[in-house]
Amino acid sequence: GENVEQHPSTLSVQEGDSAVIKCTYSDSASNYFPWYKQELGKRPQLIIDIRSNVGEKKDQRIAVTLNKTAKHFSLHITETQPEDSAVYFCAAVNNAGNMLTFGGGTRLMVKP
Amino acid sequence: GAGVSQSPSNKVTEKGKDVELRCDPISGHTALYWYRQSLGQGLEFLIYFQGNSAPDKSGLPSDRFSAERTGGSVSTLTIQRTQQEDSAVYLCASSWTVNSNQPQHFGDGTRLSIL
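Sequences listed follow chains R and S, in order.
First residue of the first sequence: 1, per our numbering; consecutive thereafter.
First residue of the second sequence: 113, per our numbering; consecutive thereafter.
Here it is as structure tokens:
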């Protein structure tokens, strides 16, 4: 089955700096990669996703890149703000679309 | 429209009791998924439904866990003879179909505590 590794497990940055979270996956048939943000005690919220036919996608301060050959994808947050502080999860969806395998999460702390 | 709704939001019960967790997906979503999140951990996939059918139950942690969905809408996750290791947040998600291009949207979860 699919295995998703996520690094780092914790990340502390100063407000205004950039943050990068990296994930690798094992199943080359996976073709959809969502990122979720989860604030303490709240539901995971989809913040951006990328499909395997695209190498990069950007939405305001958030961007995701995908390298299919190397089987890794990354989340980039620029100009970080305190409200970006949360746990971020990457995930990979198998080709059948019936299973979402999550990475272990990254706790991002943005210091004002 | 309304998002994924889960009930109860919190459940505290004694070891050995049965519990039933409910998920009401986004209207029109035919695919429904259950996950478990232990404290400070990632999300563990349990089971999915396409319509009323759950083709693969191998993700359920033990035979004390079961899930059903009727009418293609509401799903219930039942845990029999609860154990302390069952304590976790149980999250439900739904999507339009079981399709790799469909994003999954989560409910707020049920926080289950087994005493």
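Don't be surprised by glycine CBs; every beta carbon is placed ideally from N, CA and C.
Starting from residue i and walking both ways along the beta strand (DSSP E), at which residues does that stretch end?
i: Ser-119 (chain S); result: 117-119
i: Met-109 (chain R); result: 106-111
i: Glu-5 (chain R); result: 4-7
i: Arg-181 (chain S); result: 177-181
i: Asn-211 (chain S); result: Careful: Asn-211 (chain S) lies outside any beta strand (DSSP E) and carries neither H nor E.
i: Lys-42 (chain R); result: Neither: Lys-42 (chain R) is in no beta strand (DSSP E) and is coded neither H nor E.
i: Leu-133 (chain S); result: 131-136
i: Lys-123 (chain S); result: 122-125
By DSSP's criteria, residue i is part of a beta bridge. Which residues make up the other side?
i: Trp-35 (chain R); result: R:Ile-48 and R:Cys-90
i: Val-13 (chain R); result: R:Val-110
i: Leu-144 (chain S); result: S:Phe-161 and S:Ser-206
i: Ile-77 (chain R); result: R:Ala-19 and R:Ile-62
Measure the alpha-carbon distance for residue i versus residue j and round it to whole angstroms.
i: Gln-45 (chain R); j: Leu-100 (chain R); result: 14 Å
i: Val-20 (chain R); j: Ile-77 (chain R); result: 6 Å
i: Ser-28 (chain R); j: Ala-166 (chain S); result: 25 Å
i: Lys-71 (chain R); j: Ala-92 (chain R); result: 11 Å
i: Leu-224 (chain S); j: Leu-133 (chain S); result: 9 Å
i: Asp-130 (chain S); j: Gly-1 (chain R); result: 31 Å
i: Ser-85 (chain R); j: Ser-150 (chain S); result: 20 Å
i: Lys-37 (chain R); j: Ile-47 (chain R); result: 6 Å
Thinking residue i and residue j are a contact (beta carbons under 8 Å), I'd like their distance in whole angstroms, please.
i: Gly-105 (chain R); j: Val-87 (chain R); result: 5 Å
i: Gly-221 (chain S); j: Tyr-202 (chain S); result: 6 Å
i: Gly-163 (chain S); j: Thr-194 (chain S); result: Their Cβ separation, rounded to whole angstroms, is 29 Å, which puts Gly-163 (chain S) and Thr-194 (chain S) out of contact at 8 Å.
Residues of the region 43-54 of chain R with a CB closer than 7 Å to any CB of chain S: list them in chain order, please. Arg-43, Pro-44, Leu-46, Asp-49 and Arg-51
The region 144-164 of chain S: positions lying closer than 9 Å to chain R by Cβ: Tyr-145, Tyr-147, Gln-149, Gly-152, Gln-153, Gly-154, Leu-155, Glu-156, Phe-157, Tyr-160 and Gln-162
Interface positions of the region 10-30 of chain R facing chain S (Cβ-Cβ less than 9 Å), listed along the chain: Ser-30
Taking beta-carbon pairs under 9 Å, can you tell me which members of the region 90-106 of chain R lie near chain S? Ala-91, Val-93, Asn-94, Asn-95, Ala-96, Gly-97, Asn-98, Met-99, Leu-100, Thr-101, Phe-102, Gly-103, Gly-104 and Gly-105
Please name the residues in the region 164-183 of chain S whose beta-carbon is closer than 9 Å to at least one beta-carbon of chain R, in chain order. Pro-167, Asp-168 and Gly-171
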